[in-house]
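J.:
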Amino acid sequence: MRFPAVIMRIREPKTTALIFANGKMVCTGAKSEHQSKLAARK
Numbered sequence: 000m001r002f003p004a005v006i007m008r009i010r011e012p013k014t015t016a017l018i019f020a021n022g023k024m025v026c027t028g029a030k031s032e033h034q035s036k037l038a039a040r041k
């Protein structure tokens with residue numbers, strides 16, 4: 000069974016986003032909330 004999300008790696012800031020079929024997104028790896036928001040916008 001495969002993981003039900005697309006894994007998108009972002010170089011700057013160095014984060015990983017998991018994007019699910021229902022439109023939800025999880026952003027991990029950021030060192031601060033500001034970096035997380037910046038990565039989510041990319």
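For the sequence shown, numbering that gives the first Met the number 0 assigns the number 0 to the initial residue and increments by one for each residue that follows.
We treat Cβ as the ideally placed atom computed from N, Cα and C, and that holds for glycine.
Since this is a predicted model, take the numbers as computed values, not measurements.
#1: Compute the Euclidean distance between the alpha carbons of Cys-26 and Arg-1, then round it to the nearest angstrom.
#2: Put Ala-29 into one of helix, strand or coil per three-state DSSP.
#3: Does DSSP put Arg-8 in a helix, in a strand, or in coil?
#4: Ala-39 by DSSP, collapsed to three states: which one?
#5: Work out the CA separation of Ala-4 and Gly-22 for me, nearest whole Å.
T.: On the basis of the coordinates in this document:
#1: Position 27 of the sequence shown holds residue 26. Position 2 of the sequence shown holds residue 1. Between Cys-26 and Arg-1, the C-alpha separation is close to 19 Å.
#2: Numbered from 1 along the sequence shown, position 30 holds the residue referred to as residue 29. Coil.
#3: In the sequence shown, residue 8 corresponds to position 9, counting from 1. Residue state, collapsed to three classes: strand.
#4: In the sequence shown, residue 39 corresponds to position 40, counting from 1. In the structure shown, Ala-39 sits in a helix (DSSP, three-state: H, G or I).
#5: Taking the sequence shown and counting its residues from 1, the one referred to as residue 22 is at position 23. Taking the sequence shown and counting its residues from 1, the one referred to as residue 4 is at position 5. Roughly 10 Å separates the two Cα atoms.
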